[in-house]
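Only one structure is covered here, and it is reproduced in the block below.
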DNA sequence: AGTTCCGCTAACGTAAACGTCAACGAACGT
DNA sequence: ACGTTCGTTGACGTTTACGTTAGCGGAACT
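Protein chains in written order, with full-length UniProt numbering: chain A, 1 to 152; chain B, 1 to 152.
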């Protein structure tokens, strides 16, 4: 996974030293399929150069890809991420977009906080169940009362 | 949203005081559609009693529903939640299941941590972008260098 | 009695994000 | 020269979690 070494794929092509990647270079690096990468292109998230029919990815494309994946991990849909890209491309650093973006981010943060709270609640219940189990074992009682079902 | 008052739906039916709910009671309380609730039943997650063809939900069913929703918020699929229910129903408090459950929970925790890290990274970049913007404004320079695209 | 809800089943539709062939061309190693 | 590998464009298939009619039967209000 070290993009400095690499077999001898498409590094330093053409004139100066424009670092480029093939589709499978990126697929391996990010551990996704080439199909996924082409799909992101279909959805307008990346637009790699072409050498004939083959796709040539630049460092910029590579950054975009990492941003797409980060967006996915945060629960953004591909369309949401695309909109953010579009906004930024058409006027980087504008305030209206910034606030739109902050809204999305805030919503995600709220989701994460709720998830954390859910996990905390589960852990609490597990803790209570354990204590209950220990107590019933200590008292040599076969079963406590059997609640409804912990889990999830 | 107070389930103690309620119009005069299906509270205290039958013999003693077995609190029950109609499907729309629960739909309103949890803010989901009745279709969703029936779907959970199709998938084997709940099995409400019937009075004729109509579904009668007990407090146990209501707890299950809340667990299903919590599972969803944590990213568990309905099938995963169902498996957890099945495991617990067939032998509550067994250790093998507990470890299976803890595995799932651990995976979710890892996901959450990664998401938190992603958000931290984004906030860092936003902070850096702001500093850069302020600096370029202070120097009356039109644009910095224009990176690749922050967002997502 | 009539009409309006509520609920039920059955079945088809949907959206997102790819997976999975198929059929083909170009490039690369031997 | 040739087989293998890599890449390309369709195009259809898949999964999850419901949404959306459609058509019908009781139940409840007036």
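Note that CB positions come from ideal geometry on N, CA and C, so glycine has one too. In this text, all values refer to a predicted model and were calculated from it rather than measured experimentally.
{"Item": "Those runs of the beta strand (DSSP E) which lie wholly inside the UniProt domain \"HTH merR-type\" (20-87) of chain A and span at least 3 residues", "Value": "49-51, 54-58"}
{"Item": "is_contact[residue 118/B, chain A] using C-beta, thresh 7 Å", "Value": "yes"}
{"Item": "Proximal residues of chain A, C-beta to C-beta of residue 46/B below 8 Å", "Value": "By Cβ distance, chain A contributes nothing, its closest Cβ being about 11 Å from residue 46/B, past 8 Å."}
{"Item": "Neighbour list for residue 95/A in chain B, Cβ cutoff strictly below 8 Å", "Value": "Those do not exist, as residue 95/A stays about 10 Å from chain B at its closest Cβ, beyond 8 Å."}
{"Item": "Proximity of residue 68/A and residue 39/A at Cβ, strictly below 7 Å", "Value": "no"}
{"Item": "Closer than 7 Å to chain B by CB, residue 74/A", "Value": "yes"}
{"Item": "Collapsed DSSP secondary structure at residue 113/B in the structure displayed", "Value": "helix"}
{"Item": "Partner residues on chain B for residue 54/A, Cβ-Cβ distance less than 9 Å", "Value": "Chain B residues near residue 54/A: none, gap ~22 Å exceeds 9 Å."}
{"Item": "Within 7 Å, strictly: CB atoms of residue 64/B and residue 46/B", "Value": "yes"}
{"Item": "Within 7 Å, strictly: CB atoms of residue 32/B and residue 55/B", "Value": "no"}
{"Item": "Per-residue DSSP class, three states only, for residue 91/B", "Value": "coil"}
{"Item": "Spatially closest choice to residue 27/B from 107/B, 90/B, 18/B, 66/B, by CA coordinates", "Value": "66/B"}
{"Item": "Residue 84/B burial status per 10 Å Cβ neighbour count (16 or more: buried)", "Value": "buried"}
{"Item": "Cα-Cα separation, residue 75/B to residue 49/B", "Value": "28 Å"}
{"Item": "Below-7 Å beta-carbon distance, residue 69/B vs any chain A residue", "Value": "no"}
{"Item": "Buried versus exposed, by CB contacts within 10 Å (16 or more), residue 70/A", "Value": "buried"}
{"Item": "Proximity test, Cβ basis, 7 Å: residue 104/B and chain A", "Value": "no"}
{"Item": "Where residue 112/B meets chain A, residues with beta-carbon distance less than 8 Å", "Value": "112, 115, 116, 119"}
{"Item": "Close-in-space but distant-in-sequence residues of the same chain around residue 30/B (CB under 8 Å, 5 per side omitted)", "Value": "65, 66, 69"}
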